[in-house]
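This note's numbering numbers the first residue of the sequence shown as 2 and each following residue consecutively. The structure appears below as structure tokens.
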Amino acid sequence: MDAYFEYNQIRMNPKDEEKTLFTTDRGMYSYTTMPFGLKIAETTYQRLVNPERSWSFKVFLGLEVTKFVKGISLSQREYAFEIVSDSGLLAGKLATCPMEQNLRLPKSDSVDPLLDDPASYRRLISHLLYLTLTRLDLSYSVNTLSQFLDQPRQSHYDAAIKVVRYVKATTGQGLFFSRSSSLQLIGFYDSDWPTCPDP
């Protein structure tokens, strides 16, 4: 496919491959298929291999916007890394899910002590809440944890740390908007429905 217009390609005769040789900082390359309409092979290759260098790459308020041939990507990779770093979990374990499925966090519990520094919990939840702009997989967990901002307990903080461990394992995730997509909502799922007392 052509990087600009997505023209079709045909397989080249191996004897003709040397006619398409070009050199980049990564080495010497040759096309094995002939991209019709493509005039500058080396520039196109550079744009496909290293999109951050060739296409517009912007960071605004922790939100990274990257243009690719097939669409636009929104992520908060650097911001997610800052959250992990600020939490002191750079060398910590990874988590495969943000929150346990049947986890019940009590509002008030005489056994579970209140946090000595509730401001640190509030700060962590506010950072995670901002991260949900591009990380929809965190929405349910962060929403659940934000219900305990007034009197956070140790169990709430432990659950928030598990979310941070999950963020550490998945820092590269984000949203991708395809150029050919019509962006229609096809389904809806209420992930909190099982906890509703009166279904």
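All C-beta atoms, glycine included, are put in the ideal place defined by N, C-alpha and C.
Could you check where the alpha helix (DSSP H) with Lys-169 kicks off and where it finishes?
155-170
For Phe-177 and Pro-114, what's the separation of their Cα atoms in angstroms?
42 Å
For Gln-148, I'd like the list of residues in its chain whose CB is within less than 6 Å of its CB, leaving aside the five on either flank, ordered along the chain.
none
Once you ignore the five residues that flank Ile-126 on each side, which residues in its own chain have a CB closer than 7 Å to its CB?
Val-143, Leu-146, Ser-147, Leu-150 and Ala-161
My output table needs one value for Phe-149: the three-state DSSP class, helix, strand or coil.
helix
Would you kindly check if the distance between the Cβ of Tyr-131 and the Cβ of Gln-77 is under 9 Å?
yes
Thinking C-beta only, is Thr-172 closer than 9 Å to Phe-82?
yes
Spatial neighbours of Ile-84 within its chain, please: C-beta separation below 8 Å, excluding the five flanking residues on both sides.
Leu-125, His-128, Leu-129, Leu-132, Val-165 and Val-168
How big is the Cα-Cα spacing for Gly-72 and Val-66?
11 Å
So what does DSSP say about Val-60, is it helix, strand or coil?
strand
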